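Numbering (our numbering), first residue to last: 19 to 422.
For each residue, glycine too, the CB sits at the ideal point set by N, CA and C.
Predicted model, so just to flag it, every value in this text is computed and none were measured.
The block underneath contains the structure these notes are about, expressed in structure tokens.
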Amino acid sequence: MNQMVTGAINVTIALPKQLEQEIADDIEKESVFVSPYLEKIKVAADRMSAELFIRDAAKAEEVVDKATRYVEVMAKQRTGFDIKLFLQNKRQDVGPFQPDVNAELVSRGWVHDYGEGQVAYRGPVLKLAQLVNAKAVELYARAFDLVDGHFPSFVSAETLHKCGYFDSHPNQASFVATVIEDFDAIEEFRRANSCAEGAVLPPQEHMHHGGMCLNPAACFPAYPTFAGETLPEEGHVVSWQGRVFRYESRNITGLDRLYEFNVRELVFLGSEEFVANCRQRVIPVIGGLAAFFDLEMKLQTATDPFFATVSAAKKFFQASQEVKSEILIPVLKADGSVKEMACGSVNLHGAFFGERFDITAVDGAAAHTGCVGLGVERWVLAAFTQHGFDPARWPQPVREAIFA
Ligand SMILES: [Zn+2]
19 MNQMVTGAIN VTIALPKQLE QEIADDIEKE SVFVSPYLEK IKVAADRMSA
69 ELFIRDAAKA EEVVDKATRY VEVMAKQRTG FDIKLFLQNK RQDVGPFQPD
119 VNAELVSRGW VHDYGEGQVA YRGPVLKLAQ LVNAKAVELY ARAFDLVDGH
169 FPSFVSAETL HKCGYFDSHP NQASFVATVI EDFDAIEEFR RANSCAEGAV
219 LPPQEHMHHG GMCLNPAACF PAYPTFAGET LPEEGHVVSW QGRVFRYESR
269 NITGLDRLYE FNVRELVFLG SEEFVANCRQ RVIPVIGGLA AFFDLEMKLQ
319 TATDPFFATV SAAKKFFQAS QEVKSEILIP VLKADGSVKE MACGSVNLHG
369 AFFGERFDIT AVDGAAAHTG CVGLGVERWV LAAFTQHGFD PARWPQPVRE
419 AIFA
């Protein structure tokens with residue numbers, strides 16, 4: 019290819035086979051992780067080919083190669099798993115869904131969007147986020163012998179490695195960097211900034227990251243705290259609000275896809291029987307939470323959006339073992355059509371974390387674990403979508419707590 023060529027170029031590549039719609043959608047969404055020179059991938063209507071929107075024609079050959087390997091891996095995914103419905107809640111409010119909730123929350127000053135996947139909020143949005151937390155804790159405490167916990171936002175790469183995170187979501191990891199411990203490098207950094215208009219970052223060779231990461235799944239920092247322990251007969255049920263970071267590249271949007279968000283987490287640790295029992299008991303509790311906020315909701319089997327190269331095998335395992343179910347709450351897409359937004363999940367991990375972190379159940383076997391994570395900001399978005407901005411449409415206890 020002529021290296022002098024510059025400017026954007028579109029190239030169409032053939033797909034290995036006609037893809038199912040679900041896979042075609044995944045290919046488009048995850049294409050942000052293929053190459054910095056690739057703007058996007060658009061799968062053709064017949065799902066037999068895909069158009070690559072390449073930013074720099076000089077890089078076309080390289081991008082076509084990467085994109086071809088990427089779609090080959092993605093095309094191997096299996097879909098059409100049997101979906102099992104565990105629970106459903108029907109909404110009482112008969113009003114229409116509210117369109118453009120994110121924009122409306124910003125224009126009311128209740129949400130400040132920094133534009134990089136972080137938001138600040140106040141007023142009714144803050145009160146609602148706090149109420150989602152408080153109500154979940156209240157219902158959990160009624161159902162379980164609950165212990166409150168608190169865990170840091172940082173997590174070591176060593177812990178993430180043990181949790182298998184780099185194996186399943188390598189594209190979403192975030193590393194914390196510092197200036198190297200060097201008198202001259204620190205002074206250079208200080209001086210560069212003291213007279214600069216904008217922030218000046220240290221040069222790459224003066225940046226150091228020693229494997230500290232931002233936590234990407236609420237429950238991970240909990241497991242090392244039980245390492246080497248034998249759990250009591252009655253097991254442990256711990257809950258807390260965790261701050262979670264998942265790098266989404268250009269896929270960030272409003273409250274539905276943030277880089278940094280809050281999760282109300284619930285973790286069960288104990289024998290296999292104890293954890294299976296907790297999972298059964300938590301299902302109606304989640305129904306109670308949806309009923310309290312009067313949200314249309316269902317809980318059904320699901321699979322994780324793993325990174326392309328591991329997707330096929332892991333998705334199959336999750337779906338076939340029913341180890342993951344998702345709390346789906348309908349909201350509106352930008353075009354006004356309804357989409358089911360995953361607002362949380364119920365997960366069974368088997369003895370995976372028990373083995374990795376040497377946690378033992380009372381029967382002497384590796385402890386089993388399970389968790390329930392609720393994406394707080396997504397519950398907020400879902401509630402404003404389903405009840406709108408007229409307080410009269412909200413259930414009375416919620417209305418009194420958030421619009422007062
Ligand atoms: Zn978890």
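#1: Are residue 157 and residue 419 touching if we call contact CB-CB under 8 angstroms?
#2: What residues come near ligand 1, if near means a beta carbon less than 7 angstroms from any of its heavy atoms?
#3: Taking the alpha-carbon positions, what's the residue 88 to residue 78 distance?
#4: Anyone know if the C-beta pair for residue 57 and residue 73 falls short of 8 angstroms?
#5: Could you tell me if residue 364 is buried or exposed, where buried requires 16 or more neighbouring beta carbons within 10 angstroms of its beta carbon?
#6: Rounded to the nearest angstrom, what separates residue 19 and residue 75 at their Cα positions?
#7: When burial is assigned at 16 or more other CB atoms within 10 Å of the CB, is residue 227 buried or exposed?
#8: Does DSSP put residue 125 in a helix, in a strand, or in coil?
#9: Taking the Cβ atom as the reference point for each residue, do residue 268 and residue 52 lie within a distance shorter than 8 angstroms?
#10: Helix, strand or coil: how does DSSP classify residue 305 here?
#11: From the DSSP output, in three-state form, read off residue 282 for me.
#12: In chain order, what residues of the same chain lie with their CB nearer than 8 angstroms to the CB of residue 120, ignoring the 5 residues before and after it?
#13: Apart from the five residues just before and just after residue 124, which ones in its own chain have a Cβ nearer than 8 angstroms to its Cβ?
#14: Can you tell me the Cβ-Cβ gap for residue 292 and residue 260, rounded? I've got them flagged as a contact below 8 angstroms.
#15: With respect to the alpha helix (DSSP H) encompassing residue 92, which residues constitute its N-terminal and C-terminal limits?
#16: Take residue 300 and list the residues in its own chain whose beta-carbon comes closer than 6 angstroms to its own, dropping the five residues that flank it on each side.
#17: Among residues of its own chain, excluding the 5 on either side of residue 393, which ones have a beta-carbon nearer than 7 angstroms to its beta-carbon?
#18: Let's see if you can read the secondary structure: which residues bound the beta strand (DSSP E) around residue 393?
#19: Residue 20 by DSSP, collapsed to three states: which one?
#20: Which residues in the same chain have their Cβ closer than 8 angstroms to the Cβ of residue 176, if we skip the five residues on either side of it in sequence?
Straight from the coordinates:
#1: Residue 157 sits at position 139 when you count from the first residue of the sequence shown. Residue 419 sits at position 401 when you count from the first residue of the sequence shown. No, they are not a contact pair.
#2: Counting only heavy atoms of ligand 1, the residues whose C-beta sits closer than 7 angstroms to one of them are, along the chain, 235, 236, 237, 283, 285, 365, 389 and 391.
#3: Here residue 88 refers to the residue found at position 70 of the sequence shown. Here residue 78 refers to the residue found at position 60 of the sequence shown. If you take the alpha carbons of residue 88 and residue 78, they lie about 15 angstroms apart.
#4: Position 39 of the sequence shown, counted from the start, is the residue given in the question as residue 57. Position 55 of the sequence shown, counted from the start, is the residue given in the question as residue 73. Yes.
#5: On the sequence shown, residue 364 is found 346 positions in, with the first residue counted as 1. Answer is buried; the Cβ neighbour count reaches 16.
#6: Locating residue 19 in the sequence shown gives position 1, where the first residue counts as 1. Locating residue 75 in the sequence shown gives position 57, where the first residue counts as 1. Below a pLDDT of 50, predicted positions are generally treated as unreliable, and residue 19, at 45, falls in that range; the measurement from the model is reported next regardless. So the alpha carbons of these two residues sit roughly 9 angstroms apart.
#7: Numbered from its first residue, the sequence shown carries residue 227 at position 209. When all chains shown are included, residue 227 counts as exposed.
#8: On the sequence shown, residue 125 is found 107 positions in, with the first residue counted as 1. It is helical.
#9: Translated into the one-based positions of the sequence shown, residue 268 becomes position 250. Translated into the one-based positions of the sequence shown, residue 52 becomes position 34. No.
#10: Translated into the one-based positions of the sequence shown, residue 305 becomes position 287. DSSP places residue 305 in helix when its eight states are reduced to three.
#11: Residue numbering aside, residue 282 sits at position 264 when the sequence shown is read from its first letter. Strand at residue 282.
#12: Position 102 of the sequence shown, counted from the start, is the residue given in the question as residue 120. These residues qualify, in order along the chain: 129, 131, 271, 272, 273, 274 and 399.
#13: Your numbering for residue 124 matches position 106 in the sequence shown. Same-chain partners within the cutoff: 130 and 131.
#14: Counting from one through the sequence shown, the residue named residue 292 turns up at place 274. Counting from one through the sequence shown, the residue named residue 260 turns up at place 242. Between residue 260 and residue 292 the Cβ distance is about 22 angstroms, and since that is not below 8 angstroms, they are no contact.
#15: Sequence index remark: in the sequence shown, residue 92 carries index 74 (1-based). First-last of the alpha helix (DSSP H) with residue 92: 78-93.
#16: Here residue 300 is taken as the residue at index 282 of the sequence shown, counted from 1. For residue 300, where only same-chain residues beyond five positions count, the Cβ hits under 6 angstroms are 390.
#17: By 1-based counting over the sequence shown, the position of residue 393 is 375. So the qualifying residues of the chain are 279, 281, 361 and 362.
#18: Here residue 393 corresponds to residue number 375 of the sequence shown, with the count starting at 1. Looking at the DSSP string, the run of the beta strand (DSSP E) that includes residue 393 is 386-393.
#19: On the sequence shown, residue 20 is found 2 positions in, with the first residue counted as 1. With a pLDDT of 45 at residue 20, under the threshold of 50, the modelled position of that residue is not reliable, and no figure is offered here.
#20: As a position in the sequence shown, residue 176 is number 158, starting the count at 1. Contacts found: 229.
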